[in-house]
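Letter by letter, the sequence shown follows residues 17 to 253 of the working numbering.
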Amino acid sequence: MKISFSSSVGRAQGWKPWSRWFESSLKHLNLAMNSSLTKLFFKYIFLKTPFLFVENKRSSSSNEVMLFLTRKNLIYTILHLRTSSVILYPQLIEMFSYEIPQNSSSLPLNFSANESSSDINTLVVYNFVTIQNEKRFFLVTTHKTNLTGTSLEKKKVNQNWLYTIENYFIAANWLEREVAEFFNISFQFKRDIRNLMLQYGDTSAPLLKMYPVVGLKEYYFNSTVQQITQSFLTLKM
17 MKISFSSSVG RAQGWKPWSR WFESSLKHLN LAMNSSLTKL FFKYIFLKTP FLFVENKRSS
77 SSNEVMLFLT RKNLIYTILH LRTSSVILYP QLIEMFSYEI PQNSSSLPLN FSANESSSDI
137 NTLVVYNFVT IQNEKRFFLV TTHKTNLTGT SLEKKKVNQN WLYTIENYFI AANWLEREVA
197 EFFNISFQFK RDIRNLMLQY GDTSAPLLKM YPVVGLKEYY FNSTVQQITQ SFLTLKM
């Protein structure tokens, strides 16, 4: 099979047509991970994206690599990691997020080239491990989430969702549900959006600093009266 790419369109528009095609077709894309055509395609995108990494750092250990990515290029890197013939059998073993203060001086990474520090308040970290190569890859990206304001404002802010990778890594389903529930991070095209601990309809994020700890109702099983009771949370000093 002969593979050709439109270099004239790519030079004129900076490879943006490939990005638009990928984003519009990702929902219906069924990848054959063992296909040489699939590997060649994502390697081509990987090499033709000059500003893929915001920052590339190696940790003190030679077996750990940390990559700081933009949200738009995160899915490209994960798919390249999945289809690469050099990185053998990568596994997603952990996915976590943490909130950072809203000022540029405390921002641990320099994302000024792509987005301002006011648009960032959460970092999402993917932890991949290859057992045969004995390598660990940390992919770090940013997210903006907000729990204040009207529902329309929340929806507008949370448009910065991440693409789900549950179709490529089975463990991503549970890990994405944890991150989505506790940090209010949306994953586009995700099928399983059930809550793990919170009640359905509860859009609060318990691990964000803006989460209220007073005034909420607590539901628990009262062994004395043998029934489920509710009471308001209070801070006892």
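Just so you know, even glycine gets a beta-carbon here, dropped at the ideal spot from N, CA and C.
Treat the numbers as computed from the prediction; the structure is a model and nothing was measured.
Looking at the structure shown, is residue 245 part of a helix, part of a strand, or coil, going by DSSP?
In the sequence shown, the residue the question calls residue 245 occupies position 229. It is a strand residue.
Looking at the unbroken beta strand (DSSP E) that takes in residue 210, where does it start and where does it end?
Here residue 210 refers to the residue found at position 194 of the sequence shown. For residue 210, there is no enclosing beta strand (DSSP E), as DSSP marks it with neither H nor E.
The beta strand (DSSP E) spanning residue 236 covers which residue range?
What you label residue 236 is simply residue 220 of the sequence shown in a count that begins at 1. Per DSSP, residue 236 belongs to the beta strand (DSSP E) from 233-238.
Taking 8 Å as the threshold (C-beta atoms), are residue 221 and residue 199 in contact?
Translated into the one-based positions of the sequence shown, residue 199 becomes position 183. Translated into the one-based positions of the sequence shown, residue 221 becomes position 205. In this structure, residue 221 lies closer than 8 Å to residue 199 by Cβ.
Apart from the five residues just before and just after residue 106, which ones in its own chain have a Cβ nearer than 6 Å to its Cβ?
Start at 1 with the first residue of the sequence shown, and residue 106 comes out as number 90. 97, 144 and 146.
Compare the Cα-Cα distances from residue 223 to each of 81, 108, 243 and 115 and report the closest residue.
Counting from one through the sequence shown, the residue named residue 223 turns up at place 207. The option with the nearest alpha carbon to residue 223 is 115.
Measure the C-alpha to C-alpha separation of residue 211 and residue 225 and round it to an integer number of angstroms.
One-based indexing of the sequence shown puts residue 211 at position 195. One-based indexing of the sequence shown puts residue 225 at position 209. Computed Cα separation, rounded: 20 Å.
Going by the beta-carbon positions, is the gap between residue 241 and residue 111 smaller than 8 Å?
In the sequence shown, counting from the first residue as 1, residue 241 sits at position 225. In the sequence shown, counting from the first residue as 1, residue 111 sits at position 95. No, they are not a contact pair.
For residue 151, which residues does DSSP report across the bridge?
As a position in the sequence shown, residue 151 is number 135, starting the count at 1. Answer by DSSP bridge pairing, in chain order: 146.
Please list the terminal residues of the continuous beta strand (DSSP E) segment that includes residue 84.
In the sequence shown, residue 84 corresponds to position 68, counting from 1. Residue 84 -> beta strand (DSSP E) spans 80-85.
Is the CB-CB distance between residue 188 and residue 108 below 8 Å?
Reading the sequence shown from its first residue, position 172 is the one you call residue 188. Reading the sequence shown from its first residue, position 92 is the one you call residue 108. Their beta carbons are under 8 Å apart, which means residue 188 touches residue 108 by this criterion.
Quick check on DSSP: helix, strand or coil for residue 197?
Indexing the sequence shown from 1 puts residue 197 at position 181. Helix.
What residue from 243, 141, 219 and 104 has the CA that sits closest to residue 150's CA?
Sequence index remark: in the sequence shown, residue 150 carries index 134 (1-based). Checking every option, the nearest Cα to that of residue 150 belongs to 104.
Less than 8 Å between the beta carbons of residue 159 and residue 140, yes or no?
Stepping through the sequence shown from its first residue, residue 159 is reached at position 143. Stepping through the sequence shown from its first residue, residue 140 is reached at position 124. A contact, by the Cβ cut-off of 8 Å.
If the criterion is Cβ atoms closer than 8 Å, does the pair residue 94 and residue 191 meet it?
Start at 1 with the first residue of the sequence shown, and residue 94 comes out as number 78. Start at 1 with the first residue of the sequence shown, and residue 191 comes out as number 175. Not in contact: residue 94 and residue 191 (Cβ atoms no closer than 8 Å).
How about residue 180 and residue 203: do their beta carbons lie closer than 8 Å?
For the purposes of this step, residue 180 is taken as residue 164 along the sequence shown, with counting starting at 1. For the purposes of this step, residue 203 is taken as residue 187 along the sequence shown, with counting starting at 1. Cβ atoms of residue 180 and residue 203: closer than 8 Å.
Measure from the alpha carbon of residue 89 to the alpha carbon of each residue in 157, 185 and 215, then state which is nearest.
Residue mapping note: residue 89 aligns to position 73 of the sequence shown, counting from 1. Among 157, 185 and 215, the Cα nearest to that of residue 89 is on 157.
Could you tell me which residues DSSP puts in a beta bridge with residue 182?
Position 166 of the sequence shown, counting from 1, holds the residue named residue 182. The partner list for residue 182 (beta bridge, DSSP) is empty, contrary to what the question assumes.
By Cβ distance below 6 Å, which residues in the same chain neighbour residue 80 in space, the five residues on each side in sequence not counted?
Translated into positions along the sequence shown, residue 80 becomes position 64. Same-chain partners within the cutoff: 152.
Between which two residues does the beta strand (DSSP E) carrying residue 113 extend?
Taking the first residue of the sequence shown as 1, we reach residue 113 at position 97. Start and end: 106-115.
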